[in-house]
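This report refers to the structure that appears directly beneath it.
Protein chains: 2
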Amino acid sequence: MFTKNKSISISSLDETKLIAQIRRWLGDVAPLSPEGMGDDCAVIQVPLGKQILTSDSLSYGQHFDHKIDAKDAGAKLIKRNLSDIAAMGGHPSYALLTLLCGGDLNLEWLSEFIKGVRENCEYYKVRIVGGDISSLPSGQFSSVLSLYGYLENDPLLRSGSQSGDAIYVTGSLGGSRARKHYNFLPRLAEGRWLAESGVCSALIDLTDGIAKDLRELVPNLCAAYLSLDRIPISEAAQEIATRSGYAPIQHAFCDGEDYELLFTIKEGYDTRSFEEAWAERFPKTALNRIGQMRPSKSGAPYINEATGTNILWTKGFEHFSNERPN
Amino acid sequence: MFTKNKSISISSLDETKLIAQIRRWLGDVAPLSPEGMGDDCAVIQVPLGKQILTSDSLSYGQHFDHKIDAKDAGAKLIKRNLSDIAAMGGHPSYALLTLLCGGDLNLEWLSEFIKGVRENCEYYKVRIVGGDISSLPSGQFSSVLSLYGYLENDPLLRSGSQSGDAIYVTGSLGGSRARKHYNFLPRLAEGRWLAESGVCSALIDLTDGIAKDLRELVPNLCAAYLSLDRIPISEAAQEIATRSGYAPIQHAFCDGEDYELLFTIKEGYDTRSFEEAWAERFPKTALNRIGQMRPSKSGAPYINEATGTNILWTKGFEHFSNERPN
Chain A
1 MFTKNKSISI SSLDETKLIA QIRRWLGDVA PLSPEGMGDD CAVIQVPLGK
51 QILTSDSLSY GQHFDHKIDA KDAGAKLIKR NLSDIAAMGG HPSYALLTLL
101 CGGDLNLEWL SEFIKGVREN CEYYKVRIVG GDISSLPSGQ FSSVLSLYGY
151 LENDPLLRSG SQSGDAIYVT GSLGGSRARK HYNFLPRLAE GRWLAESGVC
201 SALIDLTDGI AKDLRELVPN LCAAYLSLDR IPISEAAQEI ATRSGYAPIQ
251 HAFCDGEDYE LLFTIKEGYD TRSFEEAWAE RFPKTALNRI GQMRPSKSGA
301 PYINEATGTN ILWTKGFEHF SNERPN
Chain B
1 MFTKNKSISI SSLDETKLIA QIRRWLGDVA PLSPEGMGDD CAVIQVPLGK
51 QILTSDSLSY GQHFDHKIDA KDAGAKLIKR NLSDIAAMGG HPSYALLTLL
101 CGGDLNLEWL SEFIKGVREN CEYYKVRIVG GDISSLPSGQ FSSVLSLYGY
151 LENDPLLRSG SQSGDAIYVT GSLGGSRARK HYNFLPRLAE GRWLAESGVC
201 SALIDLTDGI AKDLRELVPN LCAAYLSLDR IPISEAAQEI ATRSGYAPIQ
251 HAFCDGEDYE LLFTIKEGYD TRSFEEAWAE RFPKTALNRI GQMRPSKSGA
301 PYINEATGTN ILWTKGFEHF SNERPN
């Protein structure tokens with residue numbers, strides 16, 4: 001992705017020409033000024049409803065390496081953000097894209113990276129209206145996308161669960177580092193459907209694994225009582241477990257980067273009919289009821305429903321301490 | 001700003017604790033969830049009027065070095081963005097802050113950096129409602145701020161100038177690298193006053209120098225006829241010119257990072273009364289009428305009014321090619 005041949009690196013273009021080139025690569029998802037790039041700020045047409053904001057980054061060496069296709073890296077940057085919009089039950093609208101890169105970045109690589117961003121903008125109806133480009137020392141690349149969106153219903157917060165609520169998760173978990181964290185689909189339609197349903201009390205997208213993220217949903221003086229045999233373990237997690245020294249369920253709990261939805265349904269709603277309605281609306285998105293929020297004085301966030309003992313996997317992937325599943 | 005002593009670096013905290021610490025440092029400018037950090041997105045209360053978006057970054061080694069106070073670096077990150085809001089005639093409202101840094105970043109340094117951001121948020125009424133934090137290899141630090149704002153009047157675009165319009169610039173220019181690019185004040189009040197006045201046809205903030213930025217305002221088939229003796233040259237530019245080999249006016253033209261406002265006033269308005277009204281409202285902000293947009297077939301963007309010859313300084317500071325004033 002980096003090159004010593006200056007004529008095919010981004011340093012062959014001055015800043016103005018590089019920005020013009022990126023706009024061409026973005027095509028129709030980069031509207032004209034003043035809505036789009038080209039002035040000091042973008043002037044946007046805000047859709048009706050409450051507005052929501054989120055931001056995520058993707059850095060070479062940290063979130064991906066040279067073995068990853070540039071297009072997959074660009075797609076991942078925007079899909080991470082789209083998953084946050086999904087986790088509020090919202091629609092995406094506008095984005096700002098910031099690129100920080102060494103002058104030796106290959107232009108062809110950047111073109112493919114932008115293509116990965118653009119294809120997702122086209123599919124999910126996002127317009128890139130600005131951002132920033134700035135140089136870093138050779139061999140470095142970081143990208144940041146700030147995504148704006150809006151809600152048609154009340155936001156699905158992390159804090160709405162109460163004792164008695166049923167806990168659900170979409171898809172299957174663990175082993176995402178093998179491949180899935182590039183080819184996941186942000187669960188936008190599912191998030192919006194949950195927001196419209198009125199039965200969902202809390203929602204989060206799984207970025208750090210159930211071990212870390214589920215804790216955000218557990219009400220005060222409660223614990224999540226989990227049926228470990230209902231946690232959906234991905235094939236990748238099964239496969240990795242054959243050589244990692246950890247059990248498949250540990251990978252499903254702690255690996256992170258699943259970008260699945262984890263949510264609770266208010267007590268009193270018929271879970272059977274909820275599950276049937278889901279299966280009809282989203283036949284391709286697996287749904288598993290993995291437990292229930294219940295009163296607990298133990299202080300532990302997770303309890304094994306079958307044994308009544310605390311589940312000790314409470315840490316997901318930590319960015320700075322690089323702790324692994326314990 | 002980096003340390004090998006792990007106990008005083010950011011790697012001494014896990015991600016959750018680091019984010020909690022940053023929130024404490026931000027204090028009241030970081031509202032509670034759901035308006036602020038803590039959920040998948042921030043849910044904001046959008047002020048009336050058109051919404052505007054901008055983003056700017058600040059990287060160690062590129063925009064600042066270890067000789068710069070951390071607080072000044074943090075202040076600069078947000079002031080660069082505020083200057084873009086000023087250049088639309090807008091008000092700032094919400095921001096997302098992204099930090100990409102090596103685990104060896106000194107916590108005390110980060111605390112001061114955040115203080116520089118916070119003080120400007122307090123003064124200019126900006127709330128930090130989210131962002132992202134992610135690790136880079138040791139010794140690296142980049143920050144990105146996306147700023148949201150709104151307009152009470154029509155936006156002051158770059159494209160509104162017509163032949164006959166007078167060209168103005170605030171403050172004094174050049175030599176900003178000496179110091180001024182840290183202690184500048186974003187011209188927000190001036191920008192808003194211009195937006196309300198109804199006489200301003202185009203506005204930009206000077207980030208790359210007149211040489212590059214003024215071109216954005218020049219109408220088709222026109223040139224900016226400039227009175228070079230009216231370009232306000234800063235003391236820093238005068239001082240640097242004694243050793244740089246370039247004339248002071250070249251520094252004023254090309255150095256960039258002035259963060260002054262460059263704008264045009266519609267033909268037909270009494271420039272004398274405009275200047276008097278300005279002096280009354282902004283007695284501390286120098287204003288100079290430096291030229292006029294006039295028809296030109298030469299193709300050159302800038303013409304020396306005194307001699308009728310093309311001004312050849314047409315490039316500002318270029319981020320990737322690192323060209324200097326020619």
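Going line by line, the protein sequences match chains A and B. Our numbering numbers the first residue of the first sequence as 1 and each following residue consecutively. Our numbering numbers the first residue of the second sequence as 1 and each following residue consecutively. Idealized CB from N, CA, C, for every residue including glycine. Predicted model only: the values in this text are computed from it and were never measured.
| Item | Value |
| --- | --- |
| Taking the CB atoms as reference points, tell me whether residue 194 (chain A) and residue 262 (chain A) lie closer together than 9 Å. | no |
| Whose Cβ in chain B lies nearer than 7 Å to the Cβ of residue 329 (chain A)? | What is shown of chain A runs 1 to 326, which leaves residue 329 (chain A) out entirely. |
| In this structure, does DSSP put residue 98 (chain B) in helix, strand or coil? | strand |
| Name the DSSP beta bridge partners of residue 91 (chain A), please? | A:150 |
| Compute the Euclidean distance between the alpha carbons of residue 251 (chain B) and residue 64 (chain B), then round it to the nearest angstrom. | 20 Å |
| Hey, residue 332 (chain B) and residue 107 (chain B) are a contact pair by Cβ (cut 8 Å); roughly how many whole angstroms apart? | Look at the range of chain B in this structure, 1 to 326, and you will see that residue 332 (chain B) is not part of it. |
| What are the start and end residues of the alpha helix (DSSP H) that includes residue 70 (chain B)? | 70-86 |
| Which residue's Cα is closest to the Cα of residue 34 (chain B): A:101, A:155, A:66? | A:155 |
| Taking only three categories from DSSP, how would you classify residue 24 (chain B)? | helix |
| Identify the residues that DSSP records as bridge partners of residue 200 (chain A): which are they? | A:265 |
| Could you check if residue 301 (chain B) is buried or exposed, using at least 16 other CB atoms within 10 Å of its CB as the buried criterion? | buried |
| Counting contacts by CB-CB distance shorter than 9 Å, is residue 323 (chain B) in contact with chain A? | Only weak support exists for where residue 323 (chain B) lies, its pLDDT of 39 falling under 50; the value from the coordinates is given anyway. Interface residue, yes. |
| Hey, would you say residue 81 (chain A) sits closer than 9 Å to residue 147 (chain A), going by beta carbons? | yes |
| Short check: CB of residue 258 (chain A) to CB of residue 139 (chain A), under 9 Å? | no |
| Strictly below 7 Å CB to CB, what residues from chain A border residue 262 (chain B)? | Here the premise fails: no neighbours, minimum Cβ distance about 11 Å. |
| So, using beta-carbon positions, are residue 314 (chain B) and residue 187 (chain B) closer together than 9 Å? | no |
| Check residue 138 (chain B) in the structure and name its three-state DSSP category. | coil |
| Just list the alpha helix (DSSP H) runs in the region 215-275 of chain B, keeping only unbroken ones of 4 residues or longer that don't cross its boundaries, in chain order. | 235-244, 248-254 |
| Please list the partners that residue 79 (chain A) has in chain B, where partner means a Cβ-to-Cβ separation under 7 Å. | Residues of chain B passing the Cβ test: none, with the nearest at roughly 14 Å. |
| Going by alpha carbons, who is nearest to residue 79 (chain A) out of A:207, A:272, A:39, A:15? | A:207 |
| Is the beta carbon of residue 94 (chain A) less than 9 Å from the beta carbon of residue 44 (chain A)? | yes |
| Is the number of C-beta pairs between the region 239-256 of chain B and the region 290-297 of chain B that are closer than 8 Å three or more? | no |
| Can you list, in chain order, the residues of its chain with a C-beta nearer than 6 Å to that of residue 59 (chain A)? Leave out the 5 residues immediately preceding and following it. | 142 |
| Measuring alpha carbon to alpha carbon, tell me which of A:51, A:61, A:109 ends up nearest residue 91 (chain A). | A:51 |
| Can you look up residue 322 (chain A) in the DSSP assignment and give me helix, strand or coil? | The predicted model places residue 322 (chain A) with a pLDDT of 41, which falls under 50 and marks its position as unreliable, so this point remains unresolved. |
| Count the CB pairs spanning the region 14-33 of chain A and the region 102-121 of chain A that are closer than 8 Å, and state whether there are at least three. | yes |
| Express the C-alpha separation of residue 157 (chain B) and residue 39 (chain A) in angstroms, rounding to a whole number. | 7 Å |
| Between the region 38-67 of chain A and chain B, which residues of the former have a C-beta closer than 9 Å to a C-beta of the latter? | 38, 39, 40, 41, 42, 43, 44, 45, 46, 50, 51, 52, 53, 54, 55, 56, 57, 58, 59, 61, 62, 63 |
| For chain A, check one thing: does any of its Cβ atoms lie closer than 9 Å to the Cβ of residue 140 (chain B)? | yes |
| Express the C-alpha separation of residue 214 (chain B) and residue 352 (chain B) in angstroms, rounding to a whole number. | No answer is possible for residue 352 (chain B): the residues shown for chain B start at 1 and end at 326. |
| Can you pull the chain B neighbours of residue 34 (chain A), defined as C-beta to C-beta under 7 Å? | 155, 157 |
| Establish whether the CB of residue 326 (chain B) and some CB of chain A are separated by less than 9 Å. | Because residue 326 (chain B) carries a pLDDT of 31, less than 50, the predicted location of this residue cannot be relied on, and the following value inherits that uncertainty. No - not a single Cβ of chain A is within 9 Å of the one on residue 326 (chain B). |
| Going by C-alpha distance, which of B:86, B:165, B:172 is nearest residue 256 (chain B)? | B:172 |
| In chain A, which residues lie with their C-beta within 9 Å of the C-beta of residue 136 (chain B)? | 59, 61, 62, 140, 142 |
| 9 Å is my cut-off, CB to CB: does residue 201 (chain B) come that close to chain E? | Of the protein chains in the structure, A and B, none is chain E. |
| When you compare each of A:5, A:87, A:267, A:114 to residue 19 (chain A) by their alpha carbons, which one comes out closest? | A:114 |
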